[in-house]
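Novice:
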Amino acid sequence: MASSIDAQLRLLAPAKVSEDDKLVEYVRLLLDRFLDILQDLHGEVVRETVQELYELSAEYESKHDPKKLDELGNLLISLDPGNSIVIASSFSHMLNLANLAEEVQIAHRRRIKLKKGDFVDENSATTESDIEETLKRLVHDLKKSPEEVFDALKNQTVDLVLTAHPTQSVRRSLLQKHARIRNCLAQLYAKDITPDDKQELDEALKGGSAAFRTDEIRRTPPTPQDEMRAGMSYFHETIWKGVPKFLRRVDTALKNIGINERVPYNAPLIQFSSWMGGDRDGNPRVTPEVTRDVCLLARMMAANLYFSQIEDLMFELSMWRCSDELRIRADELHRSSKRDAKHFIEFWKQVPPNEPYRVVLADVRDKLYNTRERSRHLLSSGISDVPEESSMTNVEQLLEPLELCYRSLCSCGDRPIADGSLLDFMRQVSTFGLALVKLDIRQESDRHTDVIDAITTHLGIGSYREWSEDRQEWLLSELASGKGDLQIGSDLPATCSVDVIDTFLVIAELPPDNFGAYIISMATAPSDVLAVELLQRECHVRQPLRVVPLFEKLADLEAAPAALARLFSIEWYRNRIDGKQEVMIGYSDSGKDAGRLSAAWQLYKGQEDLIKVAKKYGVKLTMFHGRGGTVGRGGGPTHLAILSQPPDTIHGSLRVTVQGEVIEQSFGEEHLCFRTLQRFTAATLEHGMHPPISPKPEWRTLLDEMAVVATEEYRSIVFQEPRFVEYGRLATPELEYGRMNIGSRPSKRKPSGGIESLRAIPWIFAWTQTRFHLPVWLGFGTAFKHVSPKDIKNLRILQEMYNEWPFFRVTIDLVEMVFAKGNPGIASLYGKLLVSSELWSFGERLRANYQETKDLLLQVAGHKVFLKESLSEAEVGLRDSYITTLNVCQAYTLKRIRDPNFHVKVRPHISKEISDASKPAAELVKLNPTSEYAPGLEDTLILTMKGIAAGMQNTG
1492 MASSIDAQLR LLAPAKVSED DKLVEYVRLL LDRFLDILQD LHGEVVRETV QELYELSAEY
1552 ESKHDPKKLD ELGNLLISLD PGNSIVIASS FSHMLNLANL AEEVQIAHRR RIKLKKGDFV
1612 DENSATTESD IEETLKRLVH DLKKSPEEVF DALKNQTVDL VLTAHPTQSV RRSLLQKHAR
1672 IRNCLAQLYA KDITPDDKQE LDEALKGGSA AFRTDEIRRT PPTPQDEMRA GMSYFHETIW
1732 KGVPKFLRRV DTALKNIGIN ERVPYNAPLI QFSSWMGGDR DGNPRVTPEV TRDVCLLARM
1792 MAANLYFSQI EDLMFELSMW RCSDELRIRA DELHRSSKRD AKHFIEFWKQ VPPNEPYRVV
1852 LADVRDKLYN TRERSRHLLS SGISDVPEES SMTNVEQLLE PLELCYRSLC SCGDRPIADG
1912 SLLDFMRQVS TFGLALVKLD IRQESDRHTD VIDAITTHLG IGSYREWSED RQEWLLSELA
1972 SGKGDLQIGS DLPATCSVDV IDTFLVIAEL PPDNFGAYII SMATAPSDVL AVELLQRECH
2032 VRQPLRVVPL FEKLADLEAA PAALARLFSI EWYRNRIDGK QEVMIGYSDS GKDAGRLSAA
2092 WQLYKGQEDL IKVAKKYGVK LTMFHGRGGT VGRGGGPTHL AILSQPPDTI HGSLRVTVQG
2152 EVIEQSFGEE HLCFRTLQRF TAATLEHGMH PPISPKPEWR TLLDEMAVVA TEEYRSIVFQ
2212 EPRFVEYGRL ATPELEYGRM NIGSRPSKRK PSGGIESLRA IPWIFAWTQT RFHLPVWLGF
2272 GTAFKHVSPK DIKNLRILQE MYNEWPFFRV TIDLVEMVFA KGNPGIASLY GKLLVSSELW
2332 SFGERLRANY QETKDLLLQV AGHKVFLKES LSEAEVGLRD SYITTLNVCQ AYTLKRIRDP
2392 NFHVKVRPHI SKEISDASKP AAELVKLNPT SEYAPGLEDT LILTMKGIAA GMQNTG
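1492 is the number of the first residue of the sequence shown in the numbering used here; add one for each residue after it.
1. Given a cut-off of 8 Å on the beta-carbon distance, is the pair Ser2012 and Glu2043 in contact?
2. From which residue to which residue does the alpha helix (DSSP H) around Phe1525 run?
3. Rounded to whole angstroms, what's the CA-CA distance from Phe2210 to Ala1681? Just pull it up for me.
4. Which stretch, first to last residue, makes up the beta strand (DSSP E) that contains Phe2042?
5. Quick check on this structure: which residue in Tyr1545, Ala1592, His1555, Glu1552 has the alpha carbon closest to the alpha carbon of Arg1524?
6. By how many angstroms is the C-alpha of Asp2080 removed from the C-alpha of Tyr2095?
7. Is Ile2439 helix, strand or coil when you go by DSSP?
8. What residue from Gln1963, Arg1753, Tyr1848, Glu2343 has the CA that sits closest to Asp1815's CA?
9. According to DSSP, simplified to helix, strand and coil, what is Tyr1483?
10. Run the CB neighbour count on Trp2092, radius 10 Å, all protein chains shown included, and call it buried at 16 or more, exposed below.
11. Find the nearest neighbour of Gln1716 within the set Glu1846, Pro1892, Ala1789, judged by alpha-carbon distance.
12. Going by C-alpha to C-alpha distance, which of Ala2441, Leu1930, Leu2021 sits closest to Gln2156?
13. Could you give the first and the last residue of the continuous beta strand (DSSP E) run that contains Leu2112?
14. Starting from the Cα of Leu1532, find the closest Cα among Glu1546, Tyr1545, Val1577, Leu1522 and give me that residue.
15. Sorted by chain position, which residues of the same chain lie with C-beta nearer than 7 Å to Asp1910's C-beta, five sequence neighbours on each side aside?
16. Which same chain residues end up closer than 6 Å to Asp2139 when comparing Cβ atoms and leaving out the 5 residues on each side of it in sequence?
17. Based on the DSSP output, what are the partners of Val1649 in its beta bridges?
18. Between Thr1972 and Trp1965, what straight-line distance do the alpha-carbon atoms span, to the nearest angstrom?
19. Taking Cβ to Cβ, would you say Gly2313 is nearer than 8 Å to His2264?
20. How many whole angstroms separate the CB atoms of Val2023 and Ile1998, which I take to be in contact at a CB cut-off of 8 Å?
21. For Thr2259, I'd like the list of residues in its chain whose CB is within less than 6 Å of its CB, leaving aside the five on either flank, ordered along the chain.
22. So, for Tyr1447: in the same chain, excluding its five sequence neighbours on each side, which residues have a beta-carbon less than 6 Å away from its beta-carbon?
23. Which residues bound the alpha helix (DSSP H) around Arg1771?
24. What residues match up with Ser2012 in a beta bridge as DSSP calls it?
25. Do you know how far the Cα of Ser2089 is from the Cα of Ile2288?
26. Between the stretch 1711 to 1725 and the stretch 1542 to 1554, are three or more C-beta pairs nearer than 8 Å?
27. Could you compute how far the alpha carbon of Cys1786 sits from the alpha carbon of Asn2005?
28. Return the residue from the list Phe1763, Asn1795, Thr1648, Leu1914 that minimises the CA-CA distance to Lys1736.
29. Between Phe2115 and Arg2146, how many whole angstroms is the CB-CB distance? I'm expecting something under 8 Å.
30. Count the other C-beta atoms from every protein chain shown that fall within 10 angstroms of the C-beta of Gln2499, then say buried if there are 16 or more, exposed otherwise.
31. Does the separation of the CB atoms of Leu1745 and Leu1626 fall below 8 Å?
32. Can you look up Glu2073 in the DSSP assignment and give me helix, strand or coil?
33. With which residues is Lys1929 paired in a DSSP beta bridge?
34. Please identify the residue among Leu1633, Leu1570, Ala1579, Asp1527 whose C-alpha is closest to the C-alpha of Glu2177.
35. For Phe2006, write down the residues that DSSP places opposite it in a beta bridge.
36. By how many angstroms is the C-alpha of Tyr2078 removed from the C-alpha of Val2039?
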C-alpha cells in the first residue's frame, strides 16, 4: 500500500517542492509505521485489503466512475463484522495521521518563515494575525503613533468562551497519544538531529501503537462534569502557561515599535469563560447541582495550579534586600505565625526571617492550600472543616502580596527580577482569578416565564404568562420597590421550574467571581431581561450577573434593535447597567432557520443597527458571537471572521464562543494556543484601529434582494417541501448521530418534531458526513441566478463586492472551501442505497442545484477552480481517497442497519482469508455486546463517522 500512497502523494505535491516542504515525507513515514503495526496486529491479508480498498477509492477520485464505488461496496460488505471494524478503524486512523502530518508541516514551514523574518502565514497574509507584524503595519503603513497603538491594545478585551458543545469526535485519550506522535515527528525532522536521536525517535514512533490499540469509541455519553473536566484540561496543559508566554511576545512586539513599557499585568487583553456546566438550554442533565460542582472543581483546580507554581516563585525570590513596606509585612507574619499553633504547615521553621519575600509568599502558599482543600471538601461532601477566613475568597487577597513583592523588587533596583516569573504569575492571577474560568449561565426565556407565572398565580394577582405589556410594568414596580418579598421557594406549585430557582440560589451561594453572564436564549422583549433581574434579586444574588439577551433566528435578529431600544428607554435598566450592555447573536440557529447567505447578511445588518441604538443611548455595546466550528454554524478562519465584521461593532471588546473540536484545534498544543491568542488579539486590534470599509448603497441593495430570494429558496425546500425531512433523514446518518456519545445534551430540543426541533450541530453534521454540505450552500445559487442574468452590471457589482468588501469575500470564500471538500457523487451513492425510489428525483434536483450553485459561485469569485488562493490541492486531495472508502463503508453499513434483508454479491474467500489471519478482529465485536443492531454494524458505523469527521476536519 505504501507504494500506491506514495504515487498519489507525488501527484498531489506541487511541481517544485522546496527542501522545507516535508508533507510527503511526513505522511509516508506515519503510514509506513501504521501499516507495519496493522500487519503485526491483523496479518498481511488485512494490509493487502486496505491497499485494495485504497486503490479503488483513488481510482474513483481520479475518474469519478460510480462503478468504482460499487466495487468498493462489494468488497466492504464481504467482510465479517470484526474485520469491518478493523477496516473502518484503519482508514479513520490514517486520516488522523494525515492530519498530524499536515499540522507538523505547517508548524515546520512557519518556523522557517519566522527565521527568515517573514511573518506571513503559509496560506496568505489575509488568513493570519501576527501580533508584531500587525503592530508594525499599524505604525508604519497606517501612520498610527506607537502610543495610540499601545493605548488601544492595553484597553481591549477578547473573551474566549469554551462552550458545552463538545463535538470533538476523537476521544481525549487518543488526542493525547496523537500529541506524542506529533512531537516525535516534529523532532525527527529537526535539522540538528543525530543518528542516535533519529533511531530512538523512530522507535518511539513505533511505540505509538498504543493509539491503534485504544478503543476509539465512547461507550457511554459524557456527563456535564466530564465535559467540564475535558475543557479544563486545556487550561492545565496549554492555556495556563500560554497566556504569560503570549503576553511576553506582546511586550517584545511593543518594544520593536518604540514602546518601552510592558503591558500592565492587569490589562484585560485575554479572558476566558465557559458554558460547561452552565448551559442548561435544552439540556436536562445540567442541573443546579452540576453548576455547583463545576464551579467548585474549577476553583479547586485554580488553587492547585497556583499552589504548585508558587513553590517555584519562592525558590527564585531568595534575596534579603527589600523595601521597608515588605520588611514590615514579613516581620508581622513571622511574629503572628509563632502565636498560631494550628498553622497548617510549619513554613516559618523553613523560611528564615532574613528572606522576607519567602516569608510573604509562604503565607500566600498557606492560604492557597486552605483554598484548595476547602473547595475539595465542599465538592466531595458539601461541608468543610477549613474555615473560610483562612482561605482566599477574592482575587485581591492573592494579588495584593504579589504586588507588594513587585513594588519592593522595583524599588531595590531589581526590576529585571520583578519582570520575570513574578510578573508571569501576576498576569496569570489577573487572567484566571480564583475561579480559573468564569461560568456563564444560559437558560431559555420561557423557563423564566414559567417561574414568574407560578409566583403571580401563587400571590393571587393573575397569570403572568397571559399578561402582555402589563408584564413590564409589574416587573419594574417590583424591581423599583427593592422589597424582595415575593416568597420565592415557599409553597410554590410543583409545576414551577424549581431547577431554575435552585440555579439562582446556587449563584447566590457561591463566590461572585465564579460567574460571568446570564444568557437568555429566545429573548424577544425587555420583560425577558427584567424577569432575570428580578429573579436574581429575589434569590439574593450578591453581585447580580450581567444579563445578556441572545438573538438567534432571522426574525429575532431583525427585531433585536427595536427590542434593545425599548430596553434602553427604561430608566431603571439604564441605571442598572452603568453604560455597558452585552448582546449575543447566534450563528447556528440563524443559519438553520434561513440559510447561510441570509443569516450572514442579517447578522451583519443587525450588528450595525444594534450599535446605532447603543450609541443613541450612550451605551457601550459588546457583541458576543455564538460561532460554531463549521461554516454552516458561522465557523471559519479567526482573522477573517473578525476583520469582516461591520465597522464600529468591535471597538476593543469582543466575546466569541470556541466550540467543539475547534477547542482542540485552538488549544490542543502550546504552539496552537499561542497562535490562537495572537490571532484574536491582533485581529481585534486591527479591526478597531483600521476598520473594514462599509458597503456601498448599491451593494446593500443587491444583497438585500439576494437575501430575500435565498431565504425563500432555502425555506421552500427545508421547511415547505414535504419530501425534504424524509429525504434528509434517509440520505444522511442524522438518526444515528446520537450513538457517537460525543455530548451530554440530546440532539433534539424536543423528542419529536422536524428540522425545527433538531439542533444545529447534528443538522450540519449529517450533511457534512455525506460530503453534500446542503445547509451551507442552499439558497446561494438561486440568489445569484436571480440577480446576475438580469443585467451584466449586477455581475460586475458582485465581483466588485467580492474584491473590495471583506464581509462578502469571506462569505463566498468559505462556501468555496466547502465546495472544494464536497462530492455530489458520494451523496448520490447514499441516495441510491438508502432512499426510496420515489424520492430519487428529489435527490437529483438537489444535486443539480448543487452543481448550478458551484458554477455561479466560481463566476462571481472570478475563479476557474476552487480555493487556489487559500487551500492547496494537496491539502484537500490528500484525504479524499481515505474519506471515500469510509463514505462507501458508511453508506452500505447504514443500508444493512436499516434493511436487514439487504444482500449483495460477496466474495466470501476474502472474508475467510482475513478472518483466518486476523484473530484479534473477532474480539472487537465483543466491545459492544448490547447493540440493537447486528454484530459489528454499530461500531463500524461510528468509526466511519469519526473518520469522515477527521477527514473533513469538523463534526459540526
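All C-beta atoms in this analysis are idealised placements derived from N, C-alpha and C, irrespective of residue type, glycine included.
Specialist: Reading it off the structure:
1. Taking the sequence shown and counting its residues from 1, the one referred to as residue 2012 is at position 521. Taking the sequence shown and counting its residues from 1, the one referred to as residue 2043 is at position 552. Pairing Ser2012 with Glu2043 gives a Cβ-Cβ distance under 8 Å.
2. Reading the sequence shown from its first residue, position 34 is the one you call residue 1525. In the DSSP assignment, Phe1525 falls within the unbroken alpha helix (DSSP H) covering 1514 to 1533.
3. Taking the sequence shown and counting its residues from 1, one reaches residue 2210 at position 719. Taking the sequence shown and counting its residues from 1, one reaches residue 1681 at position 190. Taking the straight line from one Cα to the other gives about 55 Å.
4. Within the sequence shown, the letter at position 551 stands for residue 2042. First-last of the beta strand (DSSP E) with Phe2042: 2037 to 2042.
5. On the sequence shown, position 33 is the one that residue 1524 refers to. Residue Ala1592 is the option with its Cα nearest to Arg1524.
6. Position 604 of the sequence shown, counting from 1, holds the residue named residue 2095. Position 589 of the sequence shown, counting from 1, holds the residue named residue 2080. Their backbone Cα atoms lie some 15 Å apart in a straight line.
7. Residue 2439 sits at position 948 when you count from the first residue of the sequence shown. Three-state result, Ile2439: helix.
8. Position 324 of the sequence shown holds residue 1815. Of the listed residues, the one whose Cα sits closest to Asp1815 is Tyr1848.
9. Here the chain comprises residues numbered 1492 to 2447, so residue 1483 is not present and cannot be evaluated.
10. For the purposes of this step, residue 2092 is taken as the residue at position 601 of the sequence shown. It counts as buried.
11. Against the sequence shown, residue 1716 aligns to sequence position 225. Taking Gln1716 as reference, the option from Glu1846, Pro1892, Ala1789 with the minimal CA-CA separation is Ala1789.
12. As a position in the sequence shown, residue 2156 is number 665, starting the count at 1. Taking only the C-alpha atoms, the option nearest Gln2156 is Ala2441.
13. One-based indexing of the sequence shown puts residue 2112 at position 621. Where Leu2112 is concerned, the enclosing beta strand (DSSP E) stretches over 2111 to 2117.
14. Here residue 1532 is taken as the residue at index 41 of the sequence shown, counted from 1. Closest by alpha carbon: Val1577.
15. Taking the sequence shown and counting its residues from 1, the one referred to as residue 1910 is at position 419. When the five nearest sequence neighbours on each side are left out, the beta carbons in the same chain lying within less than 7 Å of the beta carbon of Asp1910 are those of Arg1753, in order along the chain.
16. Within the sequence shown, numbered from 1, the residue matching residue 2139 stands at position 648. Cβ neighbours of Asp2139 within its own chain (closer than 6 Å, five residues either side excluded): Ile2102.
17. Locating residue 1649 in the sequence shown gives position 158, counting from the first residue. According to DSSP, which records beta bridges pairwise, Val1649 is partnered with Ile1761, Leu2145.
18. Against the sequence shown, residue 1972 aligns to sequence position 481. Against the sequence shown, residue 1965 aligns to sequence position 474. The amino acid occupying residue 1972 in the given sequence is Ser; Thr does not appear at that position. One C-alpha to the other measures close to 11 Å.
19. In the sequence shown, counting from the first residue as 1, residue 2313 sits at position 822. In the sequence shown, counting from the first residue as 1, residue 2264 sits at position 773. Going by C-beta atoms, Gly2313 is nearer than 8 Å to His2264.
20. Position 532 of the sequence shown, counted from the start, is the residue given in the question as residue 2023. Position 507 of the sequence shown, counted from the start, is the residue given in the question as residue 1998. With 8 Å as the limit, Val2023 and Ile1998 do not qualify as a contact, their Cβ atoms being about 11 Å apart.
21. In the sequence shown, counting from the first residue as 1, residue 2259 sits at position 768. Taken in chain order, the residues that qualify are Met2443.
22. Nothing can be reported for residue 1447: it is not among the residues displayed for the chain, which extend from 1492 to 2447.
23. For the purposes of this step, residue 1771 is taken as residue 280 along the sequence shown, with counting starting at 1. For Arg1771, no alpha helix (DSSP H) run applies, since DSSP gives it neither H nor E.
24. Here residue 2012 corresponds to residue number 521 of the sequence shown, with the count starting at 1. Under DSSP, Ser2012 takes part in a beta bridge, and its partners are Glu1935.
25. The count along the sequence shown starts at 1 and reaches residue 2288 at position 797. The count along the sequence shown starts at 1 and reaches residue 2089 at position 598. One C-alpha to the other measures close to 18 Å.
26. No: the two stretches stay apart, fewer than three of their Cβ pairs being nearer than 8 Å.
27. If you number the sequence shown from 1, residue 1786 lands on position 295. If you number the sequence shown from 1, residue 2005 lands on position 514. Using only the alpha carbons, I get a separation of about 6 Å.
28. As a first step, residue 1736 is located in the sequence shown; it is residue number 245 there, counting from the start. Among Phe1763, Asn1795, Thr1648, Leu1914, the Cα nearest to that of Lys1736 belongs to Leu1914.
29. What you label residue 2115 is simply residue 624 of the sequence shown in a count that begins at 1. What you label residue 2146 is simply residue 655 of the sequence shown in a count that begins at 1. Rounded, the Cβ-Cβ distance is 4 Å, consistent with contact.
30. Outside the shown range of the chain, which is 1492 to 2447, sits residue 2499, and nothing can be said about it.
31. For the purposes of this step, residue 1745 is taken as residue 254 along the sequence shown, with counting starting at 1. For the purposes of this step, residue 1626 is taken as residue 135 along the sequence shown, with counting starting at 1. For the pair Leu1745 and Leu1626, the CB atoms are nearer than the 8 Å cut-off.
32. Here residue 2073 refers to the residue found at position 582 when the sequence shown is read from its first residue. The three-state reading of DSSP puts Glu2073 in strand, counting E and B together.
33. On the sequence shown, residue 1929 is found 438 positions in, with the first residue counted as 1. In the DSSP output, where bridge partners are listed per residue, Lys1929 has Ser1764.
34. By 1-based counting over the sequence shown, the position of residue 2177 is 686. Comparing Cα positions, the closest option is Leu1633.
35. Taking the first residue of the sequence shown as position 1, residue 2006 is located at position 515. Paired residue(s): Leu1930.
36. Looking up residue 2039 in the sequence shown gives position 548. Looking up residue 2078 in the sequence shown gives position 587. Roughly 16 Å between the two C-alpha positions.
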